[in-house]
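Residue numbers (full-length UniProt numbering): 1 to 229.
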């Protein structure tokens, strides 16, 4: 199945639907964080599943490790939604929500040579901080995945059923996220949109993955939508 599986009209319609969906998700996230959210133009590619990691690197510009959350969904169109962000920038998001992350980091930098008890306490605190940051990314991803997938499929006349979300990995490479054996698909639709916080380094990438059968159904749904205009 080639990258040109969609006609120009279908691709434009899908990008517009994704843009509207991300706008709604961004509004919810802006309310949560109290910050203006910047959005990219949605991008669509159809690739071999084995090439998904390479394709996403090109689309996102990310070459370092990421934190990734995934959630499956189904109607007659089914697939998975992923939210990816650079692990190195997760602390920026945490600092916006809870300044104690920044205070903890400052305390860690100022620490001198302590005894074994203090070292153990610091390690426990660091693990707790990492866990809290992972939970925060998980919460943000839930907002994005739920709002985006629901809005996109709603525009196509579908109501998705969601599977429980899960943390796919923290501080993992794209190769770990997009293993062909994990995706279990030979062909995948990549619908990518990225969003960032104004004047801040944090940026997250929303990705929808679909297998070949659902790609065909997506094309049919887009045709029905276009014919109704």
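Cβ coordinates follow ideal geometry from the N, Cα and C atoms, glycine included.
Going by Cα to Cα distance, which pick from the options is closest to residue i?
i           : options            : result
residue 26  : 188, 172, 194, 189 : 194
residue 62  : 86, 76, 155        : 86
residue 145 : 211, 16, 28, 9     : 28
residue 72  : 210, 228, 217, 221 : 210
residue 88  : 213, 190, 202, 24  : 202
residue 159 : 170, 165, 147      : 147
residue 258 : 168, 222, 74, 161  : Outside the shown range of the chain, which is 1 to 229, sits residue 258, and nothing can be said about it.
residue 151 : 19, 222, 90        : 19
residue 214 : 79, 172, 173       : 79
residue 191 : 174, 161, 46, 23   : 46
residue 143 : 12, 65, 30, 16     : 30
residue 200 : 208, 92, 32        : 92
residue 179 : 54, 219, 21        : 54
residue 44  : 170, 172, 33, 10   : 10
residue 300 : 90, 66, 224, 70    : Lying before the first or after the last residue shown, residue 300 is absent from the chain, which here runs from 1 to 229.
Please state the DSSP three-state secondary structure of residue i.
i           : result
residue 48  : strand
residue 10  : helix
residue 53  : helix
residue 228 : coil
residue 201 : coil
residue 33  : helix
residue 206 : strand
residue 211 : coil
Hey, residue i and residue j: beta-carbon distance below 7 Å or not?
i           : j           : result
residue 56  : residue 68  : no
residue 136 : residue 35  : no
residue 228 : residue 156 : no
residue 8   : residue 188 : no
residue 226 : residue 13  : yes
residue 205 : residue 33  : no
residue 186 : residue 21  : no
Distance, Cα to Cα, residue i vs residue j?
i           : j           : result
residue 124 : residue 134 : Only weak support exists for where residue 124 lies, its pLDDT of 41 falling under 50; the coordinates are left without a value.
residue 42  : residue 149 : 14 Å
residue 165 : residue 138 : 8 Å
residue 75  : residue 161 : 6 Å
residue 95  : residue 15  : 32 Å
residue 64  : residue 174 : 8 Å
residue 100 : residue 132 : Caution is warranted here: a pLDDT of 34 is assigned to residue 100, below 50, making its placement in the model unreliable, and the coordinate value is therefore given only provisionally. If I take the Cα positions, the gap works out to 11 Å.
How is the beta strand (DSSP E) around residue i delimited, first residue to last?
i          : result
residue 66 : 66 to 74
residue 41 : Here residue 41 belongs to no beta strand (DSSP E), and DSSP marks it neither H nor E.
residue 81 : 78 to 86
Between which two residues does the alpha helix (DSSP H) containing residue i stretch?
i           : result
residue 163 : Element bounds for residue 163: n/a, residue is neither H nor E.
residue 5   : Where residue 5 is concerned, there is no enclosing alpha helix (DSSP H), given that its DSSP letter is neither H nor E.
residue 174 : 174 to 177
Verify the contact flag: residue i, CB atom, against every heavy atom of the ligand GTP, threshold strictly below 6 Å.
i          : result
residue 74 : Judged by which ligands are present, the structure shown has none, so any question about the ligand GTP falls away.
Could one say the Cβ of residue i lies closer than 7 Å to chain D's Cβ atoms, at least one of them?
i          : result
residue 53 : In the displayed structure, chain D is absent; only one protein chain is listed.
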